[in-house]
Each structure stands twice: as C-alpha cells, then as structure tokens.
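Residues 291 to 744 (our numbering) are what the sequence shown spells out, left to right.
Beta carbons: idealized from backbone N, C-alpha and C, even for Gly.
A quick note: this is a predicted structure, and the numbers were derived from the prediction, not measured.
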Amino acid sequence: MRFRRLPIALHALVILGICASVVAQTEESLPPQQAQDDSRYTPEVQTSSGFALDLQSNATHDDNILHNDANRQSNYIFQEGAFLNVWKARPGWNVELKYQPTILLYQTATAFNALDQGFTVDGNYRVRPNLKFRWNESVHYTTGGLESAPNEHFSLPTGPSPGTLNSTLITPLIRQLANQSELDVIYDISRRSLFEVSGSYAFLKFPGATSSAPELFTTQNGTGRFGYQYRLKRYFTLGFQYSFQTFHYGLPGRDNTHDMFLTTLWQMGPHVFLSIFGGPSFSITGQPLTILLANASASGNILATGAARKWSPGAGGSLTLRSDQTVWRLTVQRLIADGGGLLTTVVNTYEGAELRHRLAYGWDLVLAASNARSVPLQEVLGRGALDTQSGDVALEHSLFENLNMHFEYDFFRQRANQHAPFAADVDDNRYTVGILYRIRGHKLTGRPTSPQSD
C-alpha cells in the first residue's frame with residue numbers, strides 16, 4: 291500500500307513546483323535594468339520625443355600637443371563645437387541620434403587644424419512581445435585628443451568591454467577613424483529570464499602618418515556573444531555570458547580570445563546599480579608582427595613570429611549612484627582587448643572613478659580619475675607595457691537660463707618601456723575656459739517620460 295501511494299505523492303510535488311514557479315514569475319514582471327553611461331542627474335530626464343542642442347566655444351592651452359615628452363610643443367587651441375541629440379520613443383521602438391562636430395584651430399601650429407566629428411545612433415525594435423532587436427552604430431573621426439564636453443555629457447573613459455575599442459591609451463597627434471557596430475537579439479524566455487545573442491565589429495584606422503606619429507597598428511575586432519540572464523529577485527539578476535573575439539592588425543594571422551563570465555546585476559535602489567562579472571579567458575596569439583624599433587637603440591624592422599596559448603582571469607565591476615544633486619561612478623576591470631594602435635592584443639587592467647555634484651550658487655562640479663595598464667599577450671623582444679593615468683576637474687556656472695561658463699583642467703600621463711615600439715612617454719596638461727549655450731527641452735511630440743532601459 292505504501293508503494294502505491296508513492297506515485298501520487300510524486301505527482302503532487304511536481305504540480306506544487308509548477309504552481310510555485312508560475313506564481314514567482316507573475317508576481318515580479320519588471321525586466322532587469324542597466325545603468326546609463328552619462329553623467330545626468332535624475333531630474334535631467336528626456337521627453338518621449340525631442341531634441342537638444344549645446345553650442346560650445348572654448349579656448350584651451352595644451353603644453354604637449356604632440357603627446358610626446360621628447361618633442362614637447364605647447365599651443366593655444368580654439369574649439370568651436372556643438373552637441374546635437376535627437377530622440378524618439380514609442381511603445382514598440384525607440385531611436386536616439388547624437389552628432390558632435392568640433393572645429394580645432396591652433397594658434398601657431400596651423401598644420402594641425404582639423405574638424406573632429408562623432409556620430410552615434412542607438413535603437414530598439416520589439417518585433418514581438420518577447421523578441422527585441424537592439425542596435426548601435428558609432429563613427430568618430432578625430433585627432434586623438436579629447437575635446438571638452440559639458441558636465442552632463444561627461445563620459446568616464448571606462449575600460450574596453452568585449453566588442454569595443456580600447457580608449458585608455460594615449461596615441462600621438464594623428465588623425466584617427468574609429469567605427470563600432472553592434473546588433474543584439476534579445477528573447478524573453480519568461481518574465482524572469484532572457485536569452486541574448488549579439489555580434490559586433492569595430493575598427494581603428496590612422497589615415498596618415500606624420501614625422502611625430504609613425505604608422506600605428508590598424509586594428510580590427512570582431513565579436514560574437516551569447517548570454518542568459520535569470521532574475522532571482524525583483525532587482526537582482528544572475529547570468530552567464532560567452533564571447534568570442536578575433537583581433538587583426540593588418541598582418542597575416544589573427545589573435546583569438548574566448549571569454550566565459552558569470553554576471554550579476556543588482557539594482558540596489560531606484561538609481562543605484564551594481565554590476566559584477568568574472569570568469570576565465572583563453573587566448574590564442576600567434577600572428578607575425580613586423581616591429582619598428584622606435585624606442586630601442588637599434589633601427590629598422592624586425593619580423594617576429596611565435597604562438598602562445600594562455601589562460602587568464604577576467605573580472606570587473608561597476609557601481610553607479612544618481613540623485614538630484616550627485617552622480618557617482620566607480621569602475622574596475624581586467625579584460626583582454628586591442629592595443630589602441632600602440633600595441634597588439636593586450637591584457638588591460640583599468641580603474642576609474644567619477645563624481646559630479648551640484649554646488650551652491652549655480653555651480654556644478656565634475657571630478658574624475660583613472661588608471662590603466664596594458665600588457666601584450668604576445669611577448670616580442672621582451673615584455674612591452676603601457677601605464678596610463680588621467681585626471682579631470684570641470685566647473686560650470688550658470689550665468690543665465692541657457693548660458694553657462696565652463697572651466698576645465700585635464701591631466702594625462704603615460705609611461706612606456708623600451709619594448710613598446712610606437713609609444714612615447716607623455717605628460718600633458720590642458721587648461722580650458724569656455725562658454726556653453728544650451729537649447730533644450732524642446733519636444734517633437736509626446737509627454738515627459740523616464741529614459742527607457744534596455
């Protein structure tokens with residue numbers, strides 16, 4: 291009799307488990323959220339549709355315009371720029387376009403006068419209630435320098451995530467063309483879980499070399515990625531992500547990397563986000579390199595070949611806090627990335643922090659600092675390494691409703707050993723004063739809403 295009742299008890303447990311799962315999924319229907327990457331306060335929300343335009347006129351004194359301590363030149367740079375942001379949101383889709391042109395005029399070194407441009411488009415389209423496409427396209431044509439930006443658009447130069455270019459290194463003064471494209475497909479398996487597949491392609495090119503900037507590494511990076519996320523609680527999500535990256539530097543052969551990370555996203559409050567990832571990375575490097583001995587006593591080209599297979603840990607985390615008076619962001623990570631034109635594939639370690647705070651009497655303050663170290667995976671003629679630090683202080687003061695004064699100080703430092711062929715030691719100080727005129731709050735249609743989270 292006891293054995294006959296066992297199947298009945300087993301069926302009851304199965305039914306109870308299914309019911310508990312259904313109840314757990316229906317009681318919490320909010321999707322996981324991600325922290326925004328700008329420096330806006332919480333009241334600085336966008337409407338469901340509109341545009342904003344910032345016009346800037348700056349004067350900058352740079353004591354090392356060539357980014358090379360061995361050939362220091364100082365100059366005044368006059369920047370005339372704009373930042374245009376247009377966005378549109380609907381229940382099934384949204385799109386946002388950003389365009390930033392900047393004219394750089396040097397007082398005496400007029401040969402470096404240039405027009406820098408940056409363009410970015412982001413979009414989401416929900417094909418079905420549980421199927422969404424997300425895409426991103428960005429193109430930047432610059433001279434390797436960092437233009438001054440309004441405080442709310444200040445972006446911490448975070449370390450490179452898989453599929454993005456390494457922006458933590460300081461290159462010589464040379465024209466650069468950078469492009470990043472990404473397409474994500476997100477499938478909601480249930481109210482608590484989702485599956486994501488994405489592909490991205492990025493390249494960094496240097497259209498012309500000068501006497502102060504030799505030919506650098508043209509970089510191409512292709513990435514394929516898939517991941518799974520499951521929301522244990524309303525604001526706590528666990529996941530798994532696998533990514534495959536291939537790096538190419540204009541020479542035969544490629545460097546390949548496999549990353550397998552466990553991920554955690556915790557929305558600790560309405561505007562407090564903590565994300566953590568970690569796991570192993572496996573790299574196969576072995577493409578031949580033609581090395582120009584720029585920093586060594588010898589001269590000429592050397593063809594170096596070799597193959598290496600290497601396991602290394604990858605990990606990182608970020609904490610973002612926002613309020614109506616303060617924005618605070620902290621990022622630390624260790625990842626495999628490209629060498630930013632100065633090196634081939636590297637292990638990049640990065641730490642960065644930013645604080646934006648609204649002061650009394652119409653003043654607004656931004657403080658930021660970062661530290662990065664890039665070490666090549668492939669040891670050619672020794673162990674090359676680049677250590678980079680930066681610090682930023684920016685103050686804005688409101689003169690009238692749409693007119694602000696902007697003051698900024700930027701410091702950049704980079705140290706390269708003798709095995710980094712294209713890099714030089716850099717100590718660069720920049721002092722900027724400017725006027726910012728804002729045209730914003732204009733709606734195309736719609737009513738004010740909070741920015742959509744992906």
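Could you name the residues of the same chain whose beta carbon sits closer than 6 Å to that of residue i, not counting the 5 residues immediately before and after it, in chain order?
{"i": "Leu693", "result": "Tyr727"}
{"i": "Trp411", "result": "The question names Trp, but residue 411 in the sequence shown is Val. Excluding positions up to five away in sequence, the list reads Leu387, Glu427."}
{"i": "Phe493", "result": "Asn469, Gln510"}
{"i": "Val385", "result": "Lys378, Gly413"}
{"i": "His351", "result": "Tyr366, Tyr721"}
{"i": "Leu374", "result": "Leu343, Tyr389"}
{"i": "Ser319", "result": "Note that Ser319 scores 46 on pLDDT, short of 50, meaning its location in the model is unreliable; the coordinates nonetheless yield the value given after this. Excluding sequence neighbours, Ser319 sits near Arg481."}
{"i": "Asn420", "result": "Asp478"}
{"i": "Arg648", "result": "Gln615, Asp654"}
{"i": "Gln254", "result": "Absent from the model: residue 254. The displayed extent of the chain is 291 to 744, so no value can be given."}
{"i": "Arg599", "result": "Ile574"}
{"i": "Val429", "result": "Phe409, Asn469"}
{"i": "His538", "result": "Gln510, Arg544"}
{"i": "His696", "result": "Glu686, Gly724, Leu726"}
{"i": "Leu345", "result": "Ala372, Tyr727"}
{"i": "Gly629", "result": "Val636"}
{"i": "Gln397", "result": "Asn365, Tyr366"}
Hey, quick one: how far does the beta strand (DSSP E) through residue i stretch, first residue to last?
{"i": "Phe712", "result": "Here Phe712 belongs to no beta strand (DSSP E), and DSSP marks it neither H nor E."}
{"i": "Arg521", "result": "509–523"}
{"i": "Gln369", "result": "365–380"}
{"i": "Pro570", "result": "562–575"}
{"i": "Glu686", "result": "676–688"}
{"i": "Arg481", "result": "Careful: Arg481 lies outside any beta strand (DSSP E) and carries neither H nor E."}
{"i": "Asn692", "result": "It is not in any beta strand (DSSP E) - Asn692 carries neither H nor E in the DSSP assignment."}
{"i": "Asn348", "result": "339–352"}
{"i": "Leu667", "result": "Per DSSP, Leu667 belongs to no beta strand (DSSP E) and is neither H nor E."}
{"i": "Gln557", "result": "545–559"}
In this structure, how does DSSP classify residue i when only helix, strand and coil are distinguished?
{"i": "Ala399", "result": "coil"}
{"i": "Asp614", "result": "coil"}
{"i": "Asn426", "result": "strand"}
{"i": "Ala468", "result": "strand"}
{"i": "Ala492", "result": "strand"}
{"i": "Ala404", "result": "strand"}
{"i": "Arg294", "result": "Low confidence applies to Arg294: its pLDDT is 44, below 50, so where it sits in the model is not reliable, and the reading given next is rough at best. Helix."}
{"i": "His443", "result": "helix"}
{"i": "Asn358", "result": "coil"}
{"i": "Ile460", "result": "coil"}
{"i": "Gly590", "result": "Legend: pLDDT at Gly590 = 45, less than 50; position of this residue unreliable, no value from coordinates given."}
{"i": "Gly540", "result": "coil"}
{"i": "Leu387", "result": "strand"}
{"i": "Asp328", "result": "coil"}
{"i": "Thr455", "result": "For the sequence presented, residue 455 should be read as Leu rather than Thr. Leu455 falls in the coil class under three-state DSSP."}
{"i": "Ser438", "result": "coil"}
{"i": "Gln623", "result": "strand"}
{"i": "Thr433", "result": "coil"}
{"i": "Gln708", "result": "coil"}
{"i": "Glu698", "result": "strand"}
{"i": "Pro603", "result": "strand"}
{"i": "Glu486", "result": "strand"}
{"i": "Leu506", "result": "coil"}
{"i": "Asn420", "result": "coil"}
Can you round the beta-carbon distance between residue i and residue j to whole angstroms, since I take them to be within the 8 Å contact cut?
{"i": "Thr461", "j": "Leu632", "result": "6 Å"}
{"i": "Phe496", "j": "Gln466", "result": "6 Å"}
{"i": "Asp545", "j": "Thr634", "result": "7 Å"}
{"i": "Ala662", "j": "Thr458", "result": "4 Å"}
{"i": "Leu463", "j": "Phe423", "result": "Not a contact, Cβ separation roughly 39 Å."}
{"i": "Leu395", "j": "Thr433", "result": "Not quite, the Cβ-Cβ distance comes to about 12 Å (not below 8 Å), so this is no contact."}
{"i": "Gly569", "j": "Leu555", "result": "That pair is no contact at about 15 Å."}
{"i": "Phe712", "j": "Gly681", "result": "About 24 Å separates the two Cβ atoms, so there is no contact after all."}
{"i": "Val665", "j": "Val637", "result": "5 Å"}
{"i": "Gly514", "j": "Phe534", "result": "5 Å"}
{"i": "Ile626", "j": "Gly604", "result": "7 Å"}
Please go through the same chain and pick out, in chain order, the residues whose beta-carbon is closer than 8 Å to the beta-carbon of residue i, but skip the five residues on each side of it.
{"i": "Asp359", "result": "Ala714, Asp715, Val716, Asp717"}
{"i": "Met558", "result": "Tyr525, Leu564"}
{"i": "Ser364", "result": "His351, Asp352, Asp353, Asn354, Ile355"}
{"i": "Gly382", "result": "Tyr415, Arg416"}
{"i": "Ala399", "result": "Ile355, Gln363, Asn365"}
Among residues of its own chain, excluding the 5 on either side of residue i, which ones have a beta-carbon nearer than 7 Å to its beta-carbon?
{"i": "Asp614", "result": "Tyr331, Thr332, Pro333"}
{"i": "Ser347", "result": "Glu370, Gly724, Ile725"}
{"i": "Leu405", "result": "Pro391, Ile393"}
{"i": "Phe485", "result": "Tyr477, Ile479, Tyr518"}
With a threshold of 7 Å, establish whether the CB of residue i neighbours any heavy atom of the ligand MG.
{"i": "Ala714", "result": "The model depicted lacks the ligand MG and carries no ligand whatsoever."}
Segments assigned beta strand (DSSP E), at least 3 residues, entirely inside the segment 627–664
633–648
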